[in-house]
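Novice: Residue numbers (this note's numbering), protein chains in the order written: chain A, 1 to 360; chain B, 1 to 360. For every residue, glycine included, the Cβ atom is placed at its ideal position computed from N, Cα and C.
2 protein chains.
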Amino acid sequence: MGESDGGRDGKARKAARLIEVARLANVSRATAARALGGYGVVTQDTQRKVAEAAQALDYRVNDLARSMRSGKTLTIGVVVADISNSFTLNSIRGIIDASASAGYQSLVLNTDGDVQREREAIRVLREKRVDGLLVVPASHLEVDHLAGGRGHGAPVVLFDRFIDDLALDSVITADFEASRAAINLFVDHGHRRIGLLLGTAAHHGHQAGEPPDTVSAVRERARGAMAGFADAGLAVNPAWVRYAGSVAPMALAAARHLLAQSPRPTAILAGNEEMLLGALAAAEEIDLTIGRDLSLISFDDAPWLAVFRPPLSVVQRPTYELGRQAVSLLLSKVGGNRKSGSIVLPATLVNRASVARIGS
Amino acid sequence: MGESDGGRDGKARKAARLIEVARLANVSRATAARALGGYGVVTQDTQRKVAEAAQALDYRVNDLARSMRSGKTLTIGVVVADISNSFTLNSIRGIIDASASAGYQSLVLNTDGDVQREREAIRVLREKRVDGLLVVPASHLEVDHLAGGRGHGAPVVLFDRFIDDLALDSVITADFEASRAAINLFVDHGHRRIGLLLGTAAHHGHQAGEPPDTVSAVRERARGAMAGFADAGLAVNPAWVRYAGSVAPMALAAARHLLAQSPRPTAILAGNEEMLLGALAAAEEIDLTIGRDLSLISFDDAPWLAVFRPPLSVVQRPTYELGRQAVSLLLSKVGGNRKSGSIVLPATLVNRASVARIGS
DNA sequence: GACACCAATGAGATCGATCTCTTTTCCATT
DNA sequence: AATGGAAAAGAGATCGATCTCATTGGTGTC
Numbered sequence: 001m002g003e004s005d006g007g008r009d010g011k012a013r014k015a016a017r018l019i020e021v022a023r024l025a026n027v028s029r030a031t032a033a034r035a036l037g038g039y040g041v042v043t044q045d046t047q048r049k050v051a052e053a054a055q056a057l058d059y060r061v062n063d064l065a066r067s068m069r070s071g072k073t074l075t076i077g078v079v080v081a082d083i084s085n086s087f088t089l090n091s092i093r094g095i096i097d098a099s100a101s102a103g104y105q106s107l108v109l110n111t112d113g114d115v116q117r118e119r120e121a122i123r124v125l126r127e128k129r130v131d132g133l134l135v136v137p138a139s140h141l142e143v144d145h146l147a148g149g150r151g152h153g154a155p156v157v158l159f160d161r162f163i164d165d166l167a168l169d170s171v172i173t174a175d176f177e178a179s180r181a182a183i184n185l186f187v188d189h190g191h192r193r194i195g196l197l198l199g200t201a202a203h204h205g206h207q208a209g210e211p212p213d214t215v216s217a218v219r220e221r222a223r224g225a226m227a228g229f230a231d232a233g234l235a236v237n238p239a240w241v242r243y244a245g246s247v248a249p250m251a252l253a254a255a256r257h258l259l260a261q262s263p264r265p266t267a268i269l270a271g272n273e274e275m276l277l278g279a280l281a282a283a284e285e286i287d288l289t290i291g292r293d294l295s296l297i298s299f300d301d302a303p304w305l306a307v308f309r310p311p312l313s314v315v316q317r318p319t320y321e322l323g324r325q326a327v328s329l330l331l332s333k334v335g336g337n338r339k340s341g342s343i344v345l346p347a348t349l350v351n352r353a354s355v356a357r358i359g360s
Numbered sequence: 001m002g003e004s005d006g007g008r009d010g011k012a013r014k015a016a017r018l019i020e021v022a023r024l025a026n027v028s029r030a031t032a033a034r035a036l037g038g039y040g041v042v043t044q045d046t047q048r049k050v051a052e053a054a055q056a057l058d059y060r061v062n063d064l065a066r067s068m069r070s071g072k073t074l075t076i077g078v079v080v081a082d083i084s085n086s087f088t089l090n091s092i093r094g095i096i097d098a099s100a101s102a103g104y105q106s107l108v109l110n111t112d113g114d115v116q117r118e119r120e121a122i123r124v125l126r127e128k129r130v131d132g133l134l135v136v137p138a139s140h141l142e143v144d145h146l147a148g149g150r151g152h153g154a155p156v157v158l159f160d161r162f163i164d165d166l167a168l169d170s171v172i173t174a175d176f177e178a179s180r181a182a183i184n185l186f187v188d189h190g191h192r193r194i195g196l197l198l199g200t201a202a203h204h205g206h207q208a209g210e211p212p213d214t215v216s217a218v219r220e221r222a223r224g225a226m227a228g229f230a231d232a233g234l235a236v237n238p239a240w241v242r243y244a245g246s247v248a249p250m251a252l253a254a255a256r257h258l259l260a261q262s263p264r265p266t267a268i269l270a271g272n273e274e275m276l277l278g279a280l281a282a283a284e285e286i287d288l289t290i291g292r293d294l295s296l297i298s299f300d301d302a303p304w305l306a307v308f309r310p311p312l313s314v315v316q317r318p319t320y321e322l323g324r325q326a327v328s329l330l331l332s333k334v335g336g337n338r339k340s341g342s343i344v345l346p347a348t349l350v351n352r353a354s355v356a357r358i359g360s
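Written as structure tokens, this is what we have:
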């Protein structure tokens with residue numbers, strides 16, 4: 001191993017800068033930059049000399065300096081409540097893939113649904129001068145931090161949420177329609193007592209009425225279900241509508257509560273994977289067989305739902321594609337596109353085998 | 001469309017800089033920096049004036065400039081094969097949480113197990129001058145890009161992988177022991193025909209022998225299983241050991257292959273969640289009941305495994321904690337700690353109800 | 001041979017915050 | 001009143017790449 005030069009250890013030496021490359025190639029910084037950056041005009045010979053020098057010194061451009069000069073970081077910030085949620089996760093893959101292929105990096109921050117952490121996350125991202133922000137806001141009331149102040153004009157696109165009265169574009173799915181379709185399916189199979197198990201922010205505990213600061217996605221699902229009930233001329237039984245924080249123990253408690261009603265619902269629409277797991281666990285406790293004693297539909301597909309017995313019916317949302325479209329919208333704004341326009345993608349009801357037909 | 005900076009719209013104006021705050025407060029840049037940065041000495045009065053000016057202009061520090069000056073970005077790079085994998089995901093949560101509480105941001109890049117993308121990801125992160133790198137390397141042969149060249153001394157810690165002959169510390173789990181324990185459990189329940197379904201890089205397809213560039217985690221699981229076989233005096237049947245790419249179709253194909261053997265294995269150790277799903281689907285196809293006709297143990301727990309019927313036995317790995325420890329090790333290196341030392345956390349065998357006792 | 005013109009390169013400013021090294025201010029003491 | 005000395009604040013350099021605006025050299029034409 002050569003490892004020449006004073007340093008005993010290659011790593012210990014400081015990283016080579018452009019000026020060192022220039023010196024070694026016997027040209028000016030400007031020329032070296034032209035040769036490496038592939039702009040302007042340079043002789044073939046100069047090109048070669050600079051390339052060799054860069055190679056020899058293992059030169060890598062300092063992106064900080066470049067960003068400082070250019071005013072662009074080629075980075076977007078992504079602020080989500082919970083990356084481990086399967087919906088968010090697939091979306092993030094879409095976001096990362098789409099932004100990567102547009103030459104952007106994605107900086108993903110997790111807030112656990114806490115507005116304070118969200119505020120902090122957005123502040124940090126703005127300080128890092130990201131070119132755009134994709135946010136899943138935890139609240140639709142505390143939104144002051146979403147509209148960047150003077151000069152902090154990095155465009156913001158909301159993800160899986162919309163907020164009225166806020167001039168921010170959203171990328172969402174048609175949850176109202178999907179939820180309504182799910183209820184319709186239950187009704188078509190003869191169900192009249194239908195429960196709703198809706199997931200909200202973890203700090204809410206579980207309760208009957210809609211929590212004060214419920215995000216749009218959940219509100220839409222509730223509204224869609226109500227529309228479904230209305231379609232069938234069914235009255236809403238408040239005892240069969242339960243909101244729970246999206247963590248295992250609360251989901252379980254809420255599901256137990258639902259199934260402890262008498263009469264008990266014969267079908268449950270679960271608002272997310274946690275609610276579904278809660279419902280399954282609660283049903284197991286009192287020996288209800290899914291697809292016979294209790295029918296289930298859940299929001300958001302996951303690989304295991306298909307191998308579960310019986311295979312579980314779900315509302316599939318185009319998670320990955322949603323991420324891609326969000327990036328595409330955001331980058332068009334980064335590029336200066338003024339005209340706004342939210343994006344709504346359809347959700348699909350996939351009926352596997354967890355909805356029983358019951359005697360009418 | 002003038003968008004004059006006269007300022008009907010705060011966002012259109014350029015972001016305030018320190019010099020503007022200084023001017024408004026009637027002090028020099030240096031003094032303003034001292035007041036905002038909370039170092040050096042300033043009069044109470046000056047402190048107040050500067051704070052007010054900053055407030056009025058909605059000043060936010062430019063982190064790029066700060067990083068350029070300080071040489072630190074307070075950012076670590078995380079390069080993983082697949083964020084959507086449940087193991088990786090929980091680890092990432094641990095990584096993000098631990099680094100956040102140490103004041104660091106995490107830049108997570110996905111490689112899909114492709115060495116070329118991994119190389120690219122590391123290059124980009126180094127250009128962004130991250131202070132440290134946490135990598136789940138896709139290969140243990142192509143590793144030249146892991147040891148940063150001269151001056152690119154951002155320390156690297158390997159995650160869930162170790163590579164011999166490379167002076168890089170690792171944070172891993174004791175997979176050898178866990179795998180051996182799983183086999184022992186099968187044997188204790190009377191099993192003699194035990195299959196192995198090991199997940200590898202997607203491009204491998206599925207095959208009998210160990211693929212040429214198998215990562216350490218998988219190799220350890222295979223070796224541990226072999227040790228388990230040896231403990232019981234069992235010979236290894238190559239037809240019962242199958243390697244498959246970690247995607248649904250390959251996992252299914254490999255599982256079908258295993259179950260098509262005659263005699264067929266009565267128990268299968270699945271190397272990850274994809275392999276488990278493949279095994280479940282293949283078993284379903286030929287009407288084998290889990291926990292009776294076929295016993296199963298899988299690596300890595302997931303919330304649904306407990307509500308599955310029967311509840312599935314697993315090797316639990318301390319994913320979140322693994323992420324935390326990795327960050328802690330990495331940051332100690334970032335802080336200049338020279339002495340190296342890999343970390344190995346134990347994995348726990350959790351026996352639920354998917355291992356049947358069969359006649360001896 | 002003189003002039004124009006283009007190709008190739010260099011010098012220096014710029015991005016914004018920080019930090020060192022002065023310089024000024026102010027108070028206390030003799 | 002003069003001087004020492006600390007406290008407070010300012011001037012200017014620095015981090016590294018890029019870009020504008022010269023400047024150099026060379027070729028072609030009249």
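(1) Are the C-beta atoms of B/LEU258 and some chain A residue less than 7 angstroms apart?
(2) Ignoring anything shorter than 4 residues or poking outside the segment 174-213 of chain A, list the alpha helix (DSSP H) runs there in chain order.
(3) Name, going along the chain, the residues of the segment 224-247 of chain B whose beta-carbon falls closer than 7 angstroms to a beta-carbon of chain A.
(4) Does the structure place the segment 298-306 of chain B close enough to the segment 264-280 of chain B that three or more beta carbon pairs sit under 8 angstroms?
(5) When Cβ atoms are compared, which residues of the segment 159-185 of chain A fall closer than 7 angstroms to chain B?
(6) Anyone know if the C-beta pair for A/ALA16 and A/LEU64 falls short of 7 angstroms?
(7) How many Å lie between B/ARG69 and B/ASP131 at the Cα?
(8) Please classify A/ALA17: does DSSP put it in a helix, a strand, or coil?
(9) Distance, Cα to Cα, B/ILE286 vs A/GLY205?
(10) Taking only runs of the alpha helix (DSSP H) that begin and end inside the segment 317-342 of chain B, which ones reach a length of at least 4 residues, in chain order?
(11) May I ask you to list, following chain order, the residues of the segment 291-309 of chain B that have a beta carbon less than 9 angstroms from some beta carbon of chain A?
(12) Let's see if you can read the secondary structure: which residues bound the alpha helix (DSSP H) around B/ILE95?
(13) Using the DSSP secondary-structure output, state which residues sit across from A/TYR246 in a beta bridge.
(14) Return the CA-CA distance between B/PHE162 and B/VAL218, expressed in angstroms with no decimal places.
(15) At a cut-off of 6 angstroms, is A/VAL241 close to the ligand NAP when judged by its beta-carbon and the heavy atoms of the ligand?
(16) Mind the definition here: the segment 77-89 of chain B touches the segment 133-146 of chain B only if three or more C-beta pairs lie below 8 angstroms; say whether that holds.
(17) Note down, in chain order, each residue of its chain lying with its Cβ closer than 8 angstroms to the Cβ of A/PRO211, except the 5 sequence neighbours on either side.
(18) Tell me the residue span of the alpha helix (DSSP H) that contains B/ALA267.
(19) If the criterion is Cβ atoms closer than 7 angstroms, does the pair B/VAL143 and B/PHE159 meet it?
(20) Counting only Cβ pairs nearer than 8 angstroms, list the residues of chain B close to A/GLU127.
(21) Could you check where the alpha helix (DSSP H) with B/THR31 kicks off and where it finishes?
(22) Report the residue from A/VAL187, A/LEU276 and A/PHE308 whose alpha carbon sits nearest the alpha carbon of B/ALA283.
(23) Given this structure, state the Cα-to-Cα distance separating A/ALA154 from A/LEU166, to the nearest angstrom.
(24) Can you pull the chain B residues whose beta carbon is under 7 angstroms from the beta carbon of A/ALA281, in chain order?
(25) Would you check if the segment 95-106 of chain A and the segment 322-334 of chain A touch, i.e. whether three or more CB-CB distances between them fall below 8 angstroms?
(26) Could you tell me the alpha carbon to alpha carbon distance between B/GLY6 and B/ARG60, rounded to whole angstroms?
(27) Have a look at B/PRO310, B/LEU197, B/LEU109 and B/ASP114 and flag the residue whose alpha-carbon is nearest the alpha-carbon of B/ARG256.
(28) My assumption, with CB atoms under 8 angstroms, is that B/GLY364 sits in contact with B/ARG34. Please give the rounded CB distance.
(29) Rounded C-beta distance between B/VAL108 and B/LYS333? I'm assuming under 8 angstroms.
(30) Considering only residues of the same chain and omitting the five flanking positions on each side of A/ALA121, which have a CB-CB separation below 7 angstroms?
(31) Is it buried or exposed, A/GLN105, if we count other Cβ atoms within 10 angstroms and call 16 or more buried?
(32) Let me confirm a value: A/LYS339 is counted as buried when at least 16 other C-beta atoms fall within 10 Å, else exposed. Which label applies?
(33) Going by DSSP, which residues form a beta bridge with A/SER298?
(34) First and last residue of the beta strand (DSSP E) that includes A/VAL108?
(35) Can you give me the Cβ contacts of A/LEU234 inside the same chain, cut-off strictly under 7 angstroms, excluding the 5 residues immediately before and after it?
(36) Check the DSSP bridge columns for A/SER170 and list the partner residues they point to.
Specialist: So, from the data block:
(1) Closer than 7 angstroms: no.
(2) DSSP runs (the alpha helix (DSSP H)) wholly in the segment 174-213 of chain A: 175-188.
(3) Hits within the stretch: zero.
(4) Enough Cβ pairs lie closer than 8 angstroms, so yes.
(5) Listed by position, the residues of the segment 159-185 of chain A near chain B (Cβ gap below 7 angstroms) amount to none.
(6) no
(7) 14 angstroms
(8) Residue identity check: residue 17 of chain A is Arg in the sequence provided, not Ala. Note: A/ARG17 maps to coil in three-state DSSP.
(9) 44 angstroms
(10) 319-334
(11) ALA302, PRO303, TRP304, LEU305, ALA306, VAL307, PHE308 and ARG309
(12) 86-101
(13) Strictly speaking, residue 246 of chain A in this sequence is Ser, with Tyr absent from that position. Note: A/SER246 sits in no beta bridge, so no partner.
(14) 11 angstroms
(15) Absence of the ligand NAP is noted for the structure shown, with no ligands found whatsoever.
(16) In short, these stretches touch, since the Cβ pair count reaches three.
(17) THR200, ALA201, HIS204 and TYR243
(18) No alpha helix (DSSP H) holds B/ALA267; the beta strand (DSSP E) holding it covers 267-270.
(19) no
(20) Within chain B, the residues ARG60, VAL61, ASN62 and ASP63 have their CB atoms less than 8 angstroms from the CB of A/GLU127, given in chain order.
(21) 29-37
(22) A/PHE308
(23) 16 angstroms
(24) VAL307
(25) yes
(26) With a pLDDT of only 34 at B/GLY6, under the threshold of 50, the placement of this residue in the model should not be trusted; the figure read from the coordinates follows. If you take the alpha carbons of B/GLY6 and B/ARG60, they lie about 21 angstroms apart.
(27) Per the Cα distances, B/LEU197.
(28) Given that chain B is displayed from residue 1 to residue 360, the structure contains no residue 364 of chain B and the question cannot be resolved.
(29) Actually they are not in contact, since the Cβ atoms of B/VAL108 and B/LYS333 sit about 19 angstroms apart, beyond 8 angstroms.
(30) Excluding sequence neighbours, A/ALA121 sits near VAL79, LEU109 and THR111.
(31) With 16 or more Cβ atoms within 10 Å of its Cβ, A/GLN105 is classed as buried.
(32) exposed
(33) Within the DSSP bridge table, the entry for A/SER298 names A/ALA270 and A/VAL314 as partners.
(34) 105-110
(35) These residues qualify, in order along the chain: ARG192.
(36) Beta-bridge partners of A/SER170 (DSSP): A/LEU158.
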